Structures are given as C-alpha cells and as structure tokens.
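All letters in the sequence shown, in the order written, are residues 51 to 913 by our numbering. To start, the structure under review is shown below, and the notes come after it.
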Amino acid sequence: MVNQPRIVVVLAILFYQFHSTLQQLGPLNSTERTALLQLRSSLGLRSKEWPLKADPCSTWVGVQCHNGSVTGLNITGFRRTRIGSRNPQFSVDALARLPLLSSFNASGFLLPGSIPGWFGQQLLSLQVLDLRSCSVIGPIPPSLGNLTSLGILYLSGNSLTGVIPSSLGQLLRLSVLDLSRNMLTGAIPPAIGTLSNLQVLSLSNNSLSSSVPAQLGDLSSLVDLDLSSNSLSGSIPMELRGLWSLRRIVIRNNLLAGSLPGTLFIPLTQLQVIVLNHNNFTGDLPEIFWSMPELLFLDASANNFTGTLPNNISNANPTAAVLNLSQNSFYGSLTSVLSRFSSIDLSGNYFQGPVLDYARGNASLDRNCLQNLSSQRSSTECASFYKEKGLEFDHFGLPKPPEKSRRNLFIIAGVVCGIGFIGLLVVLLVLLVVCTRKSRETNKRGTVVGPVPVGQSPPPPGSSFKFSSLGESYTYQQILEATNSFNGTNLIRKGHSGELFHGMLGDGTPVVIKRVVSDNKEAYMLELDFFSKVSHIRCVPLLGHCLENENEKFLVYKYMPNGDLSSSLYMKSNSDDDSLQSLDWITRLKIATGAAEGLSYLHHECNPPLVHRDVQASSILLDNQFEVRLGSLSEVCAQEGDTHQSMITRLLRMPSTSEQGTSGSPTSTCAYDVYCFGKVLLELVTGKLGISASSETKTKEWLEGTLPYISIYNKELVTSIVDPSLIIDEDLLEEVWAMAVVAKSCLNPKPLRRPLMRFVLKALENPSKVVREDHTSSSSRLRTTSTRSWNDGSLSGSWHRSSVDAVISHARKGDGQSSFNRMETSVARGSGQNGGGDYSASARRHSTEIFPVPFDEFDVERD
Numbered sequence: 051m052v053n054q055p056r057i058v059v060v061l062a063i064l065f066y067q068f069h070s071t072l073q074q075l076g077p078l079n080s081t082e083r084t085a086l087l088q089l090r091s092s093l094g095l096r097s098k099e100w101p102l103k104a105d106p107c108s109t110w111v112g113v114q115c116h117n118g119s120v121t122g123l124n125i126t127g128f129r130r131t132r133i134g135s136r137n138p139q140f141s142v143d144a145l146a147r148l149p150l151l152s153s154f155n156a157s158g159f160l161l162p163g164s165i166p167g168w169f170g171q172q173l174l175s176l177q178v179l180d181l182r183s184c185s186v187i188g189p190i191p192p193s194l195g196n197l198t199s200l201g202i203l204y205l206s207g208n209s210l211t212g213v214i215p216s217s218l219g220q221l222l223r224l225s226v227l228d229l230s231r232n233m234l235t236g237a238i239p240p241a242i243g244t245l246s247n248l249q250v251l252s253l254s255n256n257s258l259s260s261s262v263p264a265q266l267g268d269l270s271s272l273v274d275l276d277l278s279s280n281s282l283s284g285s286i287p288m289e290l291r292g293l294w295s296l297r298r299i300v301i302r303n304n305l306l307a308g309s310l311p312g313t314l315f316i317p318l319t320q321l322q323v324i325v326l327n328h329n330n331f332t333g334d335l336p337e338i339f340w341s342m343p344e345l346l347f348l349d350a351s352a353n354n355f356t357g358t359l360p361n362n363i364s365n366a367n368p369t370a371a372v373l374n375l376s377q378n379s380f381y382g383s384l385t386s387v388l389s390r391f392s393s394i395d396l397s398g399n400y401f402q403g404p405v406l407d408y409a410r411g412n413a414s415l416d417r418n419c420l421q422n423l424s425s426q427r428s429s430t431e432c433a434s435f436y437k438e439k440g441l442e443f444d445h446f447g448l449p450k451p452p453e454k455s456r457r458n459l460f461i462i463a464g465v466v467c468g469i470g471f472i473g474l475l476v477v478l479l480v481l482l483v484v485c486t487r488k489s490r491e492t493n494k495r496g497t498v499v500g501p502v503p504v505g506q507s508p509p510p511p512g513s514s515f516k517f518s519s520l521g522e523s524y525t526y527q528q529i530l531e532a533t534n535s536f537n538g539t540n541l542i543r544k545g546h547s548g549e550l551f552h553g554m555l556g557d558g559t560p561v562v563i564k565r566v567v568s569d570n571k572e573a574y575m576l577e578l579d580f581f582s583k584v585s586h587i588r589c590v591p592l593l594g595h596c597l598e599n600e601n602e603k604f605l606v607y608k609y610m611p612n613g614d615l616s617s618s619l620y621m622k623s624n625s626d627d628d629s630l631q632s633l634d635w636i637t638r639l640k641i642a643t644g645a646a647e648g649l650s651y652l653h654h655e656c657n658p659p660l661v662h663r664d665v666q667a668s669s670i671l672l673d674n675q676f677e678v679r680l681g682s683l684s685e686v687c688a689q690e691g692d693t694h695q696s697m698i699t700r701l702l703r704m705p706s707t708s709e710q711g712t713s714g715s716p717t718s719t720c721a722y723d724v725y726c727f728g729k730v731l732l733e734l735v736t737g738k739l740g741i742s743a744s745s746e747t748k749t750k751e752w753l754e755g756t757l758p759y760i761s762i763y764n765k766e767l768v769t770s771i772v773d774p775s776l777i778i779d780e781d782l783l784e785e786v787w788a789m790a791v792v793a794k795s796c797l798n799p800k801p802l803r804r805p806l807m808r809f810v811l812k813a814l815e816n817p818s819k820v821v822r823e824d825h826t827s828s829s830s831r832l833r834t835t836s837t838r839s840w841n842d843g844s845l846s847g848s849w850h851r852s853s854v855d856a857v858i859s860h861a862r863k864g865d866g867q868s869s870f871n872r873m874e875t876s877v878a879r880g881s882g883q884n885g886g887g888d889y890s891a892s893a894r895r896h897s898t899e900i901f902p903v904p905f906d907e908f909d910v911e912r913d
C-alpha cells in the first residue's frame, strides 16, 4: 500500500510520454501518406523496409515524422524490388509534397539521372541533403542556392559535370560542402568564400582549373580543406592565412607553383595535416612547419623545394608525426629536428654527412649523398650538385682523390672492363655452339611420347604429350552440337588464348569449351603440355580435346557452376527482388586460401617451379561449393632464372623492365604471381572488382589510395576500405585485417621482399596469427627476422604518396579540439569518436609460427 502513490506517478509519466510520442508520430496526413506511397513505387522500395499496410511514421525504416508530417527520409542501404532494379531512375517527384522534409539521405542508393531543378524550389525546409555515390549525372542545379536552411550538402562520388554554381554561396548556414570525386570543371567560385559557417570543404578529384581564389581566406571557421587531384595552378594566395581554424589542408596532385611564404602559415598554428606533394613548389620550406605544436603529418614530396634542415627548433618535441620530403633538392646535414618524427622519408634529395642514430630505424634515405649507406647517388652527381650551389661535398667522408689519380683509375678500369668483356664474349660463343649441338641432337632423336589418337594430326616436334592424361578425344561434330554451332548466346567471353563457350555434351554433362584459332597455336600447345604433366585438385579439370580441325583446336573443361570470382563476388540473391548479394567473409577467405593453395603447388611442388602469369579474379574459377579451380593456364611457364634453364639462357636474358609486374608483358617469376595475388586479396577485402585486371595507371592510383589504410599497428584503419556489404563482427574483422596485411606484403614494390607463396598460404590458413600479439619467450629469438619481414615498414613500399586521412589515425590520441579524428568524424560524418592508436614499431609482434623466414632478401630468394 505504501508504494501505490509511486506507481500512480510512474504510470502517469509513461502515459504522458506515450501520448506525446503519438502526437509526434501521427496520424500522418493523407497527402503525405500518398506521397510516401508514390515514392515507394517510383523508387521500387521493398515491402521489407516499407510494408504497404503499416503506418509509415511508426513502422517504415528510415522515416521520421513530427506532428503528422514527414521530417526525415533515410534510404541508405535499401534494395530495390525486382521490377525497380530493372530501370532505376532519379524518380523522387513525390518529395515535393513533403513540405517539412528537413533531411533526405540516399547515400549509396542508385539514382541514375540528374538532380531535378525543383529541389531548390520545393524542398525549402531541407537541412541535410546526402546523395553520395548515387550515380547522379549532369550539372549541379543553380536552384540549390535557394535552400537557405541547408547545413550539410554531400554530392561526392558521382558523375556530376559542368561548373560549380556560384549560387551555392547563398547557403550561409552550410557547414559541410563535399563535391569530391566527380567530373566538375572550371574555376572554384569566389562566392564560396561567403560561407562563413563552413567547416569542411572538399572539392578533390575533379577537373577544376584556374587558381585558388583568395576569397577562401574568409572561411575563418574552416577546419578541413581538400583541393587535391585537380588542375589548379598559380601560387597559394596569402589571404589563406585567414583560415585560423584550419586543421587539415590537402592540395596535392595539382599544378601549383611558386614559393611558400612563412608568413602565410604563421596564423595557422592548429594545423595537424599539411599535404603539398606532386606540385611545382620551389624555394625553402617555411621554417614555421618545424615548430607547429599539433603537426601530425607533413608531405611535401615530389616538388622542387630546396634548402637545409633547421636546428634548435623550440617546439620540436618527439611525436608520432610523419615527415615526407622525398623527391626534392634538399641538401646539407641531417639535424636533430628529425627526432620529432616517428616516420621519415628523405629519399631522392642531396643530404650529405653521417646518419644520426635516431634516423636509422625509421627513415628512408635512398638516393642521397650520405655516408656509410647503400643506394646513394654517385659521387659525380653529388659533387656536381654541390658545386652548382658553391658548396663543398664531403665525398662520403673519404679523402678527395687528386684529379691525376682519378684519371689513372678511370683508364685502368676501362682497360680491365674491356678485357673482361672480350673474355665474356668468347665464353658466350663457346656455350652457344655447345647448346646448339645438343639441341640438334635432341631434335633428331624426337620427343613424342605415346600414340597419336586416331583422326588427329600429331603434335609438332618438340612436344611430349601423354594423351592418356588429356581426357577424351572429341570429334568436331560433337563440339558443334555441344555449343549449338558456337551460338553467340553460348559465348562466355573472349580470353587471352581463345573464345570460351558454354556447352552441353550428348550425355548431358555441362562443359566449357575453348576455341583456339590456328594463329594462336602456341597457346593450346602450352596448355596441353601443362595438363599432360601436371594434375592438381586446384587446377580446372581438362575433360578432353579436339585437335582434328586444321584451323581450329578445342579444349574441353569441366563446367564451374559459380563461374569465376569476378562474376561471383556479387551474385543475384534468391529473393524475389532480383537484388545483388555479396559473398560472405567465410566464403571469401575460403576462396583466397584455395587460390593460394593452387599457386603454392605451382611454385613449390612442381619441378621446375611454374609461374601462372595471369593471376586475376577472372582466372579463379569456383565450383558449386565455391572450391577454387585455377583457370587461364595457357600462360603458365617455368620460372625465369630457374636452375633447370640452360646457362646460355640465363646469361643472355635481359633484365625485366617490369620488376613489380605492373607494366609491360608479365614477368616469368613467382614473385610476379605473388604481386598479382595481392591485388586479388585486396579485391576480396574491399569488394572493388576489376583491379587485378586493370591497367598500370589505374592500379597505381587505386593502390596509392588503399594501401595507407593497411597498417600492422592499427586494426581500425582497415575499416575505411572494407567492403561495406560485408557483415563482420570483431573476430572476423581481425581476419579481414590479417588478409589486408598479407595483401600489402604481396604488393611490395621489391620482388625479393615479397613473401613466398607457401608462406602466404600458411598465413591465410591461420589469419589470426598474422596480427596476434606474441609475448612468449620461446619465439623471441626469431622476432627480429620474422617480424621485420612482415612488418608495416619493411613491406609497405614507398609511402610518399600515401593517403593523409589514414595517417592521422596513427598519431597519438588527443583531447578536446586537438584530436582531429574526433572533430572530422563528428563534423563530416555525424558519428562518434574515431579510434586512434600509438604509432609505435614495437607496439605489436607477429607469430613466428606463420612466417619463419629470414629478413635477408637473398636468403628469402634462396629459400
């Protein structure tokens, strides 16, 4: 009885809250309900999210109401019905009948078409418009300038064309303006400078030209400025010193030139990220850069900067900051200012003198003039540079040789080289004669093994096919019947070595038939030779062949129900809406492991080692259980430089012009397969198909934007590039992280530093051990070698064009306004705090059970 008054009070409060909620949710007026139903129909939304007979305000996903009116719509991640997905369009006319709509978010929902001009005339209550990655085309309507309540405008990741309308300068409440990753042209409108509340301005990855308008200096509230990857020219206007709130400035990959006055940056004391790389800047680097207390990342690489490093900087305290001055003309000695940075790239300059102790472990110093280091410039090049500057070169700390002695040395060296060259020619000629005689004797003996099938022409001299291992022998008529006379509807695709067709044998067995024309005879010969000698569960089964036709040859393979990886990563779901469904992570890891198993067999179990040479998503075939079968085997060959090759072949072979395997013809080395497999692994992680088969330029650009998000020291970074369609928990995220780390190691620009495929397979079979902390004493002896082989520093390659957004997360955690990660996330994305971490080389160790390989590159190659 004592608690009855309290119960009555609680019930009264709950009733009041419920009554208030009902007032806010509805009832929805009939006009707006009709508008929502029309929008549901025009966009082809499913009943799963918007059930037809339910109340929109209380039941429909992403619908917000207030006092019986719709105030917010969020269709991000929605799927269309089967009918809606057949002809998706920018059909949102019903929004005009929602007068109080303040937020419309369609990010990631395909809306192919142009933004209608009536947006700026009807949606006057709009405060948030998010159309990121919606396949929007056409120009930005000038009428958007009428949306004076607009605070956030996201239009990035589309195909917008034309100029940026000056009318956007009327959006005085705007805090975020993101027009990046489009095809916009023309100049940046000076009217943007009137947006006094703007905090984030991103115009990157467009085709904007002309100069940076001085009016941008009026954006005193601006925190993040990104103008990268355009065609902006001229110098940086001094008026930008008015950006006193700026934390991040990214202007890389433009045509900007001139010097950078130090007075321009003096007011910008809160800068944390400065990215100037790949422009034409000249002169000294402003000294103020070295004493900015919040600086986390400075990239001035690939410019024409010159000058020396300063000394005695008052605020140069050690931090987790990153410094990149590579590919410039800096000179002089290394100074103590470098001790402030945790990661340094000074390669491609003219620094001389000794290397300080703290710069040995965390710095890239190639192509300088430093003492006691390999991979430096020549003495002549260094001396010439310093002579032009009117300075003395220390000649790597060695006594300067007299001119006469040097001339004598050159004469002696020339004579010795000449004698050696003549001797080498004699040896080569002798070996050539011996090898030619042996080859003739072999050809006379003949090498055909086994009987030739009846009705077929014998293989050419030099081949050694065992037809018993090449499956059935089909007639040309059987091939015609199986492919319906090579009907176009049966064509799968045109490959490197021939056309692939669906087929059905007389007994109902589905097959894939490759047709090879006579002018590509070498392709089918190589493939028959491969199948006659190699048999493995991870290679696509060859069921038979037809060689009776003089002009065409046919190979018959087992049909793979799930096609190849490029067509199966996203497949049609079994639902009635005809939507796409991506492979889950377990299946992706299974595919990666299976492909690695096949390549490991070719590299390490075949004698001589075999190189696939065409590793990409389309050559990874999948059966009905998503088990991997390697296809595209017409490019397989013995590894170059193998001990089974003749000495004359090795001596006469020219060095590869494509060490990384990214340009020119595929190199015949196992390291090239590893590089290509690394791209396939990244496709599985990111969901970005086509990279493994793309051109050198596209691959390079994509890797430069992706690899910086893969760090052995920071798991959270990888979430920025993970396929958004993947549903992964914390445990699976660690496996994704591990696969990304393995992929990055495979993509090392130095072939000798890439892991062997058997270790890649071991890593994929035990992904958690790749990034697991190892504190046991039993493995301490091998940590130095194994960890350095797979750590982020030694395998990441050149980082001088890395993404700045990724590096911020490496920096130390801050508090309040000093943490740019938190500010950027809350302002630009509206989410919680972003995870940071200490960027310390000793923060994490790797299991030596997975990678018991020595760090020395020559030892790795011998292994």
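All C-beta atoms in this analysis are idealised placements derived from N, C-alpha and C, irrespective of residue type, glycine included. Only a predicted model underlies this, so the values are computations on that prediction, with no experimental measurement involved.
Exposure of A104, with buried meaning 16 or more beta-carbon neighbours within 10 Å = With fewer than 16 other Cβ atoms within 10 Å, it is exposed.
* Asked: Just the Cα atoms here: how many angstroms apart are N354 and E685?
  -> Rounded to the nearest angstrom, the gap between the Cα atoms of N354 and E685 is 44 Å.
Inset, instruction - Could you name the residues of the same chain whose beta carbon sits closer than 6 Å to that of A237, not counting the 5 residues immediately before and after it, in chain order? - result: Taken in chain order, the residues that qualify are S260.
### Message
For the alpha helix (DSSP H) containing Y725, name the first residue and the last one.
### Response
Counting along the chain, Y725 sits inside the alpha helix (DSSP H) bounded by residues 720-736.
* To do: In the DSSP assignment, find the beta strand (DSSP E) that holds M554 and state where it starts and stops.
  => In this chain, the beta strand (DSSP E) harbouring M554 covers 549-554.
Would you list the one or two residues that DSSP bridges to H116? Here H116 is bridged, per DSSP, to S119.
- Any chain B beta carbon closer than 8 Å to N79: Structure shown: chain B not included; a single protein chain is present.
| message | Which same chain residues end up closer than 7 Å to M697 when comparing Cβ atoms and leaving out the 5 residues on each side of it in sequence? | response | Confidence in M697 is poor, its pLDDT being 39 and thus under 50, which makes the residue's placement unreliable; the coordinate value appears in the next sentence. Excluding sequence neighbours, M697 sits near L481.
Discussion item. Taking only three categories from DSSP, how would you classify K98?
Written reply: In the three-state scheme derived from DSSP, where H, G and I count as helix and E and B as strand, K98 is classed as coil.
- Message: Suppose you measure from the CA of N327 to the CA of G398; what does that come to, to the nearest Å?
- Response: C-alpha separation (whole angstroms): 14 Å.
Check for me: the alpha helix (DSSP H) holding V178 runs from which residue to which?
Taken as a continuous stretch (DSSP letters only), V178 belongs to no alpha helix (DSSP H), being part of the beta strand (DSSP E) at 178-180.
Q | Alpha-carbon spacing of F140 relative to S199, whole angstroms | A | Taking the straight line joining both Cα atoms gives about 23 Å.
Practice problem: Specify, as a first and last residue, the run of the beta strand (DSSP E) that R565 falls within. | Solution: R565 -> beta strand (DSSP E) spans 560-567.
Out of R132, L148, T235, which has the shortest C-alpha to C-alpha gap to Q88? Proximity to Q88 across R132, L148, T235 peaks at L148, based on C-alpha coordinates.
- Could you check which residue in T539, V566, G558 has the C-alpha nearest to that of G548? Nearest neighbour of G548 by Cα position, chosen from T539, V566, G558, turns out to be V566.
- Task: Could you work out which residue in L277, A370, I338 is closest to V325 when comparing CA atoms only?
- Result: Across the set L277, A370, I338, the C-alpha of L277 shows the shortest separation from the C-alpha of V325.
- Do V735 and M807 have their C-beta atoms closer together than 8 Å? Using a Cβ distance threshold of 8 Å, V735 and M807 do not count as a contacting pair.
Item to complete: Out of N378, G382, F401, A413, point me to the one whose CA is closest to R390's CA.
Response: Considering only alpha carbons, the answer is A413.
Whose CA, out of Y526, L615, D614, lies closest to the CA of E600? Selection Y526, L615, D614 evaluated against E600 yields Y526 as nearest (Cα-Cα).
* Evaluate the contact criterion for the stretch 158-170 versus the stretch 178-188: three or more CB pairs, one atom per stretch, below 8 Å. => Judged by Cβ distances under 8 Å, the stretch 158-170 makes contact with the stretch 178-188, as three or more pairs qualify.
Do N124 and G112 have their CB atoms nearer than 8 Å? Going by C-beta atoms, N124 is nearer than 8 Å to G112.
Original post:
Is F676 helix, strand or coil when you go by DSSP?
Top reply: Shown here, F676 sits in coil according to DSSP, grouped into three states, outside any helix or strand.
Going by the DSSP bridge assignment, what does K544 pair with across the sheet? According to DSSP, which records beta bridges pairwise, K544 is partnered with E549.
State the CB to CB distance for the pair L227 and L251, rounded to an integer number of angstroms; the pair is presumed to be in contact (CB under 8 Å). Indeed, because the Cβ distance is near 5 Å, the residues count as touching under 8 Å.
From D407, Q421, D395, S434, pick the residue whose C-alpha is nearest to that of L415; which is it? With distances taken between Cα atoms, L415 lies closest to D395.
| query | Taking Cβ to Cβ, would you say A646 is nearer than 8 Å to V810? | reply | In contact: A646 and V810 (Cβ atoms closer than 8 Å).
If you draw a straight line from the alpha carbon of R584 to that of L652, how long is it in whole angstroms?
-> According to the sequence displayed, residue 584 carries Val and not Arg. V584 and L652: Cα-Cα distance of roughly 9 Å.
Q. Among L555, S246, Y722, G312, which has the Cα closest to the Cα of V273?
A. Checking every option, the nearest Cα to that of V273 belongs to S246.
List in chain order: all unbroken beta strand (DSSP E) runs of 3+ residues lying wholly within the stretch 235-261. If we require 3 residues or more, the beta strand (DSSP E) runs fully inside the stretch 235-261 come out as 250-252.
Own chain partners of Q220 with C-beta closer than 7 Å, once the 5 adjacent residues on each side are dropped:
For Q220, where only same-chain residues beyond five positions count, the Cβ hits under 7 Å are G195, T198.
Check: I777 by DSSP, collapsed to three states: which one?
Finding: Residue state, collapsed to three classes: coil.
Touching or not, the stretch 330-346 and the stretch 311-322, by the rule of three or more beta carbon pairs under 8 Å?
-> The stretch 330-346 vs the stretch 311-322: in contact.
DSSP puts T332 in a beta bridge; with which residues?
Beta-bridge pairing links T332 to N354.
| Distance, L448 Cα to Q265 Cα | Spanning the alpha carbons of Q265 and L448 requires a straight line of approximately 54 Å.
- So, are the CB atoms of N418 and F401 less than 8 Å apart? Judged by beta-carbon spacing, F401 lies within the 8 Å limit of N418, meaning their Cβ atoms are closer than that value.
With a threshold of 8 Å, are at least 3 pairs of Cβ atoms found where one atom belongs to the stretch 330-337 and the other to the stretch 306-319?
By the criterion of at least three beta-carbon pairs nearer than 8 Å, the stretch 330-337 is in contact with the stretch 306-319.
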